[in-house]
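Heads up: the structure comes next, in structure tokens.
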Amino acid sequence: MTTVFKIETQEGEKGFFHIFPALCKGCGLCIEKCPKKCIGWSKTLGVYGTPAVGADMAECIACGICQTVCPDTAIRIDRKEKNK
Amino acid sequence: MTTVFKIETQEGEKGFFHIFPALCKGCGLCIEKCPKKCIGWSKTLGVYGTPAVGADMAECIACGICQTVCPDTAIRIDRKEKNK
Amino acid sequence: MTLNPQMPKCWRVESKPHKFCPGCGHGLVLKALGEAIDELGIQDRVVFGCDIGCSLLTWDFFDVDTVQTHHGRTTPVITGLKRANPDAIGIAYMGDGGGYAIGSQHLVNAAARNEKITVILANNTNYGMTGGQMAPTTLPGQKTETSPYGRDAEDIGYPTQGPEMVAAIGQKGAYVARGTMANIRQLKGYFKKALQNQMDGTGFSFVEALASCPTNWRTNAKDTWNFVENEMSKYFAVGELKVPDQLKEV
Amino acid sequence: MTLNPQMPKCWRVESKPHKFCPGCGHGLVLKALGEAIDELGIQDRVVFGCDIGCSLLTWDFFDVDTVQTHHGRTTPVITGLKRANPDAIGIAYMGDGGGYAIGSQHLVNAAARNEKITVILANNTNYGMTGGQMAPTTLPGQKTETSPYGRDAEDIGYPTQGPEMVAAIGQKGAYVARGTMANIRQLKGYFKKALQNQMDGTGFSFVEALASCPTNWRTNAKDTWNFVENEMSKYFAVGELKVPDQLKEV
Amino acid sequence: MTEKPIQGERKMFLTGNEVVAWAALAAKVDIMYGYPITPQNEIMHYWTRMAPKYGKKFLQTEDELSAGFTTIGGVLAGKKAFTATAGPGNTLMQEPISMAEMMRIPTVVVIQQRGGPSTATVIYSQQEVTMTTYGGNGEGFRVVYSTATHQELFDYTIKAFNTAWKYRFPTFVLGDGYQAKMRESLHIYDPEEKGIKLVEPTPTLSRPGQIGVNREPNHIRNTYNTEEELYQIVMGYAKEYAEISPEIIEFQEQDVDDAEIVIVSHGVVSRAALAATQELRKAGYKVGYFRPITLRPFPTERMRAVAANTKKLLVVESALGQLNKLVLNEIYGLTTPIETLLKPGVGVTSEEIVTRIKSLL
Amino acid sequence: MTEKPIQGERKMFLTGNEVVAWAALAAKVDIMYGYPITPQNEIMHYWTRMAPKYGKKFLQTEDELSAGFTTIGGVLAGKKAFTATAGPGNTLMQEPISMAEMMRIPTVVVIQQRGGPSTATVIYSQQEVTMTTYGGNGEGFRVVYSTATHQELFDYTIKAFNTAWKYRFPTFVLGDGYQAKMRESLHIYDPEEKGIKLVEPTPTLSRPGQIGVNREPNHIRNTYNTEEELYQIVMGYAKEYAEISPEIIEFQEQDVDDAEIVIVSHGVVSRAALAATQELRKAGYKVGYFRPITLRPFPTERMRAVAANTKKLLVVESALGQLNKLVLNEIYGLTTPIETLLKPGVGVTSEEIVTRIKSLL
Amino acid sequence: MGKTAKIALAGEGGQGVQSVAEILAEAAYEEGREAIYIPNFGVEQRGGVSIAYLQISDQPIGSPKFQKADIVVALSDRAVIRTQRYVDERTTFVYDTSIEGVEEHLPKNAGRVFGIPAIEVSKTELHPRVFNIIIMGAVIRATEVVTLDEAKTAIEKKLGYKFDENPKLREMNYQALEAGIALVEKAL
Amino acid sequence: MGKTAKIALAGEGGQGVQSVAEILAEAAYEEGREAIYIPNFGVEQRGGVSIAYLQISDQPIGSPKFQKADIVVALSDRAVIRTQRYVDERTTFVYDTSIEGVEEHLPKNAGRVFGIPAIEVSKTELHPRVFNIIIMGAVIRATEVVTLDEAKTAIEKKLGYKFDENPKLREMNYQALEAGIALVEKAL
Ligand SMILES: Cc1ncc(C[n+]2csc(CCOP(=O)(O)OP(=O)(O)O)c2C)c(N)n1
Ligand SMILES: Cc1ncc(C[n+]2csc(CCOP(=O)(O)OP(=O)(O)O)c2C)c(N)n1
Ligand code: SF4
Ligand code: SF4
Ligand code: SF4
Ligand code: SF4
Ligand code: SF4
Ligand code: SF4
Ligand SMILES: [Mg+2]
Ligand SMILES: [Mg+2]
């Protein structure tokens, strides 16, 4: 990959919530699907000048659903390995 | 009907076999379907100069199948009423 | 007293003998259709549209208002007419090429929109008018001008199941059937239901009729019947596929 | 170490963010497709054809050979390519308008001929690209730009059942399924089977994917999901309709 | 339900697509058939909103072939029917229109030209002139009105139905994406209140009466058996078309009498041409303006007179010489030099024309 | 399987449709796509009989749209692919060919003209000239060879593939129903043995190699976002087309130098024109003969020279002035009077031409 | 023969006029002469008159159809009517005498008109299947465009495979050819 | 104003430039003047820059698009880039000062260029939803093509139904309009 997207990372107990603001279009699909309802609008603006998203990492269980449902691959979830 | 088609009529015990040579194209479909196998080529020529058909009235049971299967309505069967 | 041929009343006698080849199935299909129109007493309301294909030869076949359209386009012409004048009884008459190949988008979308028209399709397993090329309905192994070594079903599929397709996309109220020239009485019955369904305003009606093309099949009378009754029936099941409630008791 | 987005490897990163609207279902469908291509390791062999419709925005979406075709004509372009080069893995990607309306003759005839290609159709119940007109798949009562008072199913039918139609005309060896953006894992599985089926040379493959169009639906995220999961599913049953034997154990 | 859509005359500020929908209502159109395509979509959008209120109908078809052929069906039923399309949709529309041409079916089609060839752009062009005037496998037996303003879009859409039904040649209103999408003001009106008689449509098929009793069945066809039969038909149409052409032909001109150069343009480009003419005249340049309104039939006689009377022509269009070909077809024999300003698929501004004219004088 | 279809040169007595099938084999065509239509059918009939013997393929499609678009698919795969059609099929073919024009896809289409408009007759005409040269919503970026004899049908079908693949403009061989159905003699040959180099096709898509390793993916498109982008593309094509035109243009002429009247015709009609010229010359009339072989690009320069050098032109064609328009488009500025003998949809015999010429001199 | 011989053969679908024309054209071609044969074709071919246009010449031939024929052979009532247009004062018009009531339709302007009983002869003396070969013989005699030998070679080429199966057929065809020639000779 | 005022407004999809142009056009129309408003549209509108072309005049207007604008308002980075082509030495170019790194893309050849903090003001002082009305105020002040009153009437016409539901909105819109005017006045 030659194109590098700026990344914002939040860490929680279960894992990392990465957002690529340059990919986030602020559609909100992830917000609706988060089982913990822990995603919200962020201060960072997304590609269209609308707010990107961020997670409340106290709640996030790193289930990865938000990553799955994002049509723009703007979210990346990295789970912390259990044993580590 | 303003158009009148010449008719040739054969009479048998069960009924009348009428052929309209100007409609018969000599396709032979009727010959194949006659349950008594009593239809054959006639001396009269049909519309395309090929032989029209006629029936062996000794055999004909006036079932009307030939009339039904003729794509050109060249055959007309008139049954004699039983009671008459 | 002069006896007249047993032509359906709505046949146009001035154009008879009709223009089809000797033994052509179109003649039988149209006899059944003519009788259906007569028995329903709808001659004055029918608008008959014929496709390009041997069906074009019917442009003056009936004593009903008739439009000879363009290859594959009879369905939309009749659809448009029916939408504009719902009192008309619209019949779109076509071949398997016109209905299942070039006009298939119209057929499936008329079915999907449940257009209140009646489509009648003569399936003779080839393109008759253009001299006998392969059609969507050509049987496996059947030789045609464009499948000279026989249709290879592995490569280009088995014959199109038209009524089955129409039934799958057809709506509530649609009538779908397949008849055959080998059973004229039954075929007429299907046509009557298909027309009645339109008159009831219930839904789309579609009847495929198995029909012969001895000219391009190069068959004599015996082989013609054999092909229709024994070969075609292997792939094309005769019967009703979709019957709306109000026609079930008929 | 820089972390990269979890994009499928075959996505063309230079053209991201892609051109679809926020929340567009195309993005999700193509993510599933991209992952399927990755997992099958076929990036080099795929030829991707996109229709005119919002799918046209994918003309440089993948790092695979791609042709942006003409409205409704992606199926024949990919068919022609596959016939000429059977080693290629041809994917025709289109919308419900392109597949079920203007291109429906190509869809049903490719299915009937059992073309060894994979057709993927994003069903978003409207014509997205042209600004939200009614599509064959528009739900009863749904308001669109050309059904401003809601689709009247009595007058113009219920939504087109695409996979059902394709399954009815589909041949032995065909794979037919309907997935949804609401179940990406399942959808990817369908795509993999549809591609595998082509690679096996078994038959035609077709997958419809239920997809959102929040722009024309004028829905927020919540209503978008609701429409996909609760409204569309009333008319469109998710699942496999036709699975050839060799894929049954997969 | 049966209330008149337009009472009296009203000034409005509309998009061109809205104007077409209003005009169709004003012309008492019964039914529209259509398939979506940019930049024509809003004709359908407005029609579907307004039509049901006045008992009018709409059918969205599966493609443009179907839109054209259903329109033919509607016309055969004796209803005023029309469709609208653009670009690749117009390409497809040539198939049904060829049939309408062959069978003399008074279809009306509104074209909002977009960029070509093929899908190209959804925006604007004047690249559908050749196809609209002479498309299909025929001889161009059609009438084509090329409009320039919203007022004309309204006036000529109404007129198109009259022309079609009076002469029974397929009739086109040729607009473009700019006209379709832009907003400007115009007066809409009820044509009958203005004394414009609307030609009554009559059914070709599904006519009232009983066959054999008080009517005969009608049989109409699209196919002939011999070359000679067809020749008779085509030459008959040609003769008729030539005879009625003088009644149909329309054009617009300004300052041509003493002009040293005449700008020839059509449609929306002629707005720029007219503005340029006015500006240049003010600046003392002897410039004239000529614009065919009917591209088919073409105002040959007047075009020739104008061309013969000036020193140079400048043909300006948003295409690669499609109007230019129509001109060349008609003015052969003259020797007035012709210059061109050809901008396929992009708009032409009066500034460009002014600059060009100045370079030529 | 891989045996050469034609070895050396052979005289044969064939129908024109057979000739096309042979020529395609000789040109090393890989695949034909087609939909039946009279009078083109036998091209497919012969192709399907012969092709499998040489490892060639055929696909019968569901309509002409599909025939055109599958041909495009075949070409994109890097194969020599073609289709053949006529009349209403040609009308539909304008949609795929517009795309080929836009995307510079070297498709080859053989047209056997039949009567128009619409279904009309299945027999013969020259009424598809306008459509074949300038059809669709484009600017006529095509090459069109109009053939007159079976020998030419063979020669130019082979050439069409070379032209298409060399310049990447869609290329047509324009025949007609007479040429399609009649039998006459010709020499068929293997072009390479005659020193004619066959242009090698190359794949646009599905090329060998690994993406990102030894090749990049190819992305080709049919749509542009702005008017300006499209303008650049179209003007670029126009420039290229103009540049290569001199290499492509072909024409035929006889006795034009001292002619008082020159007969202009194309295709099969030019046989009658040539015969008439010869007969009239024998009788002492100063008659000349000019025939564009390429209708696109048109032999403008030579046509102008010929026209300038004679007293009158007689344009003869089986259409209502379609060749005539091509001529008028190109010779503006001259004043040589033009007469026409226009017979839409019917054949023209040398007798008719002779009679007409005599009436003109 | 410097000039082009123009021949129109017309009959009903089954009468085989197209194969007569095709064989004659092949024969001329094999003789090294120029020949163009074009069938008529149209949508009504299903039940329509079939016409074959044939031109044979020593020079390249112009238009494949022609306005007036040197010889017209018409084998049915409808064929007689349809071929009127190809007749002028230089045309020899040949018809079959067994066509009922044909006289009133015969062209008035033809150079010469004569009937031959070809249908009759084929039915009674030979076999209905060789009817068209009788016609071919008649055309050969009436036009002299090809030699008898070349005609035989061409027939052999076209029907040889049938002759191999049933050599009597060859005999019958040659007889038919000669019968046709004789019929014209008698009529001339 | 005898001359035609040519205005190009450009922004991202959600920024509402089209409705600004439409309202201005309506306002001019209501004042009895000639107005043409045409949006740009294309296949990339999904994520593309949205441009509105507006011309207001006392005379009939020629081409609906123009080569050079009297005033260009560009509200995003991409909008700044896309509108370069409409700028010449007579053009006033207005941009939003909150666009990051915009300076390097500003047209060098414009008659005058100035930034206004409209996004900022809308966010902090008013409400993001009236951002486009601020822009409208800015355009009115920069061009003086319509009067404040007419603009208010036009807004009322377009949004009146919303105002009826929530009268506070009307207030906010009017404030936004005046804020826009003020921003330009400050910048001039
Ligand atoms: C657009 C177009 N394409 C092709 C044709 C040629 N054509 C005429 S009839 C026909 C097929 C007829 O087959 P079918 O519809 O099955 O009818 P049939 O003759 O067998 O009854 C074709 C391909 C045409 N007239 N128009
Ligand atoms: C021949 C032709 N007709 C119409 C159009 C206009 N058009 C472009 S996309 C489209 C519909 C798109 O709808 P769909 O296929 O459902 O795709 P979506 O945008 O919803 O994903 C239409 C009608 C066109 N480009 N070409
Ligand atoms: S990983 Fe799961 S819990 Fe965490 S933000 Fe995403 S959806 Fe919510
Ligand atoms: S992260 Fe993805 S799903 Fe969430 S709002 Fe942004 S674009 Fe939408
Ligand atoms: S009526 Fe019956 S038995 Fe008599 S000829 Fe006809 S089919 Fe045979
Ligand atoms: S009577 Fe009818 S079915 Fe029998 S041969 Fe004659 S046309 Fe055929
Ligand atoms: S060709 Fe076949 S379908 Fe056509 S009329 Fe003859 S028998 Fe019937
Ligand atoms: S219009 Fe609909 S389908 Fe198209 S990109 Fe936007 S959301 Fe997706
Ligand atoms: Mg058929
Ligand atoms: Mg869609």
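Chains as they are written, first to last, in the working numbering: chain B, 977 to 1060; chain L, 977 to 1060; chain A, 62 to 311; chain Z, 62 to 311; chain P, 76 to 436; chain G, 76 to 436; chain V, 229 to 416; chain W, 229 to 416. C-beta atoms are modelled at their ideal positions from N, C-alpha and C, and glycine is treated no differently.
Can you tell me whether DSSP reads residue i as helix, strand or coil?
i        : result
W/Leu303 : coil
Z/Asp157 : helix
P/Gln187 : strand
P/Met76  : Only weak support exists for where P/Met76 lies, its pLDDT of 46 falling under 50; the value from the coordinates is given anyway. P/Met76 falls in the coil class under three-state DSSP.
V/Asp324 : strand
W/Glu254 : helix
P/Tyr242 : helix
B/Met977 : With a pLDDT of only 44 at B/Met977, under 50, the local geometry of the prediction cannot be trusted, and the value read off the model is given with reservation. In the structure shown, B/Met977 sits in coil (DSSP, three-state: anything other than H, G, I, E or B).
G/Arg124 : helix
A/Thr140 : helix
V/Glu457 : Any property of residue 457 of chain V remains undetermined from this structure, which presents chain V solely from 229 to 416.
G/Ile368 : coil
B/Phe992 : strand
W/Met229 : Its pLDDT being 35, under 50, W/Met229 is placed unreliably by the model, and the measurement read from it follows with that caveat. DSSP places W/Met229 in coil when its eight states are reduced to three.
Candidates the options: which alpha carbon is nearest residue i's?
i        : options                                   : result
G/Thr205 : P/Gln202, P/Glu328, P/Tyr209 and P/Met257 : P/Tyr209
P/Leu280 : P/Lys386, P/Ser320 and P/Glu291           : P/Glu291
W/Ala302 : W/Tyr265, W/Val248, W/Gly270 and W/Glu258 : W/Val248
Mind checking whether the beta-carbon of residue i lies closer than 8 Å to any heavy atom of ligand 10?
i        : result
Z/Thr198 : yes
Does the distance from the C-beta atom of residue i to that of residue j stay below 9 Å?
i        : j        : result
P/Glu123 : P/Gly143 : It should be pointed out that residue 123 of chain P corresponds to Thr in this sequence rather than to Glu. Contact flag unset, no.
P/Leu389 : P/Ile413 : yes
A/Cys71  : A/Asn185 : no
W/Val277 : W/Gly339 : no
P/Arg179 : P/Tyr299 : no
Kindly indicate the opening and closing residues of the alpha helix (DSSP H) around residue i.
i        : result
G/Met107 : That residue, G/Met107, is in no alpha helix (DSSP H); its beta strand (DSSP E) goes Ile106 to Gly109.
W/Phe269 : From DSSP, W/Phe269 is part of no alpha helix (DSSP H); its letter is neither H nor E.
Would you say the beta carbon of residue i comes nearer than 8 Å to a heavy atom of ligand 9?
i        : result
A/Gly158 : yes
Terminal residues of the continuous beta strand (DSSP E) containing residue i?
i        : result
G/Glu214 : Premise fails: G/Glu214 is in no beta strand (DSSP E) and is neither H nor E.
At a cut-off of 8 Å, is residue i close to ligand 2 when judged by its beta-carbon and the heavy atoms of the ligand?
i        : result
P/Thr194 : yes
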